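Asks:
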Amino acid sequence: VHPDGKRIAVGTHDGELQLCDARSGRVLREFDGHEESITIVRFDPTGKYLASGSADDTLVVWDANDGAALLTLRQGNEYDVTTAAFSPDGKRIVTGDGENELKVWDAASGEEVQTLRGHGETVTSVAFSPSGKQIVSASWDDTLRMWDADSGDEVQTLRGHTADVTSVLFTPDGRRIVSIGEDKTVRIWDARTYKRLASFPTQDDSLMCLTISPNGRYFACGSKAVICVWKLP
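Take a look at the structure:
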């Protein structure tokens with residue numbers, strides 16, 4: 001969703017990327033560049049740029065207004081780009097892939113800055129903290145991992161999920177981390193001490209997506225057919 005809430009970017013299994021009006025669903029612009037299915041779509045904090053990751057081993061950064069492809073970042077390992085996130089200042093992009101790696105890129109030049117290794121399975125989700133100083137990643141290895149965004153060092157492994165962790169986010173104040181997984185649980189963690197603050201079950205083992213309200217009071221997680229809204233404890 002665009003930061004202004006009026007537009008939505010949609011990627012398909014056919015490699016098509018579209019910018020749509022959030023109210024009417026009308027297609028406003030099409031972006032042509034990917035050869036395989038699109039796996040992740042993210043706007044930068046300003047809404048000027050759009051990043052799309054694909055099973056074709058690339059992440060493309062687009063001008064969201066005119067549709068021009070500005071950068072093409074290649075993971076270099078022939079694996080899907082599975083997740084991506086812009087830093088809060090928009091100067092860096094972190095990507096995750098099917099070879100268990102994360103890479104940090106300069107968003108202006110496309111230069112690879114760091115490679116973060118530690119996960120034992122595909123990286124499914126990644127997020128910067130609101131301060132831009134931390135990165136959290138989730139994986140099929142049932143763990144979350146905390147990274148120092150400047151040095152690239154792994155700071156902590158968060159264990160608790162008993163199946164694939166599918167999505168993770170910081171709360172807007174940066175104090176907590178929310179994660180969901182295929183173990184039918186939502187877990188909330190302290191972003192400073194890394195201790196688990198809460199854990200509660202859901203009725204669906206296919207939780208795939210997560211979002212948190214701008215005021216940090218609510219979060220929603222979705223499966224193939226159900227969206228659940230929760231109040232953050």
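Note that my numbering numbers the sequence shown so that position 81 is 81, with each residue one more than the last. Ideal Cβ placement from N, Cα and C applies to all residues, glycine included. On a predicted model such as this, the values are computed, not experimentally measured, just so you know.
For the beta strand (DSSP E) that contains P201, what are its first and last residues?
Replies: 196–201
Asks: Entirely within the segment 55–139 and at least 3 residues each: give me those beta strand (DSSP E) ranges in chain order.
Replies: 58–63, 69–74, 81–86, 92–97, 101–106, 112–117, 123–128, 134–139
Asks: Which of the three DSSP states, helix, strand or coil, is assigned to D164?
Replies: When secondary structure is reduced to three states using DSSP, D164 falls in the coil class, being assigned neither helix nor strand.
Asks: Just the Cα atoms here: how many angstroms apart are V60 and Q75?
Replies: Looking at the two C-alpha atoms, the distance is approximately 11 Å.
Asks: Comparing C-alpha positions only, which one of L232, D14, I180 sits nearest to G222?
Replies: I180
Asks: Alpha carbon to alpha carbon, how far is H161 from F200? Give it in angstroms, no decimals.
Replies: 11 Å
Asks: Using the three-state DSSP reduction, which class does V1 fall into: helix, strand or coil?
Replies: coil
Asks: Could you round the C-beta distance between I128 and P88 to whole angstroms and report it? I think they count as a contact, below 8 Å.
Replies: Here residue 128 is Phe; the residue named in the question, Ile, does not match the sequence. Right, their Cβ atoms sit about 6 Å apart.
Asks: Could you spell out where the beta strand (DSSP E) holding D21 opens and where it closes?
Replies: 17–21
Asks: For a test of the three-state rule: what should DSSP assign to G216, helix, strand or coil?
Replies: coil
Asks: For a quick check, are the C-beta atoms of V178 and L210 less than 8 Å apart?
Replies: yes
Asks: Starting from G181, trace the beta strand (DSSP E) both ways and give me its first and last residue.
Replies: Its beta strand (DSSP E) spans residues 176–181.
Asks: Between which two residues does the beta strand (DSSP E) harbouring T143 extend?
Replies: 143–148
Asks: How is the beta strand (DSSP E) around V226 delimited, first residue to last?
Replies: Neither: V226 is in no beta strand (DSSP E) and is coded neither H nor E.
Asks: Counting only the same chain and skipping the five closest in sequence on each side, list residues whose C-beta sits under 8 Å from that of G216.
Replies: T171, P172, D173, L232
Asks: Distance, Cα to Cα, G5 vs S37?
Replies: The straight-line gap from Cα to Cα measures roughly 25 Å.
Asks: So if DSSP puts T157 in a beta bridge, which residue, or which two residues, is it bridged to?
Replies: R145
Asks: Check this for me: beta carbons of T95 and A84, under 8 Å apart or not?
Replies: Taking C-beta atoms as the reference points, T95 and A84 count as a pair closer than 8 Å.
Asks: Are V41 and G15 close, meaning C-beta to C-beta below 8 Å?
Replies: Their beta carbons are not under 8 Å apart, which means V41 does not touch G15 by this criterion.
Asks: Using DSSP with H/G/I as helix, E/B as strand and the rest coil, what is G33?
Replies: coil
Asks: Return helix, strand or coil for A191, following the three-state DSSP convention.
Replies: coil
Asks: Using beta-carbon positions only, say whether T166 and T202 come within less than 8 Å of one another.
Replies: no
Asks: Assign D66 to one of two classes, buried (16 or more other C-beta atoms within 10 Å of its C-beta) or exposed (fewer than that).
Replies: exposed
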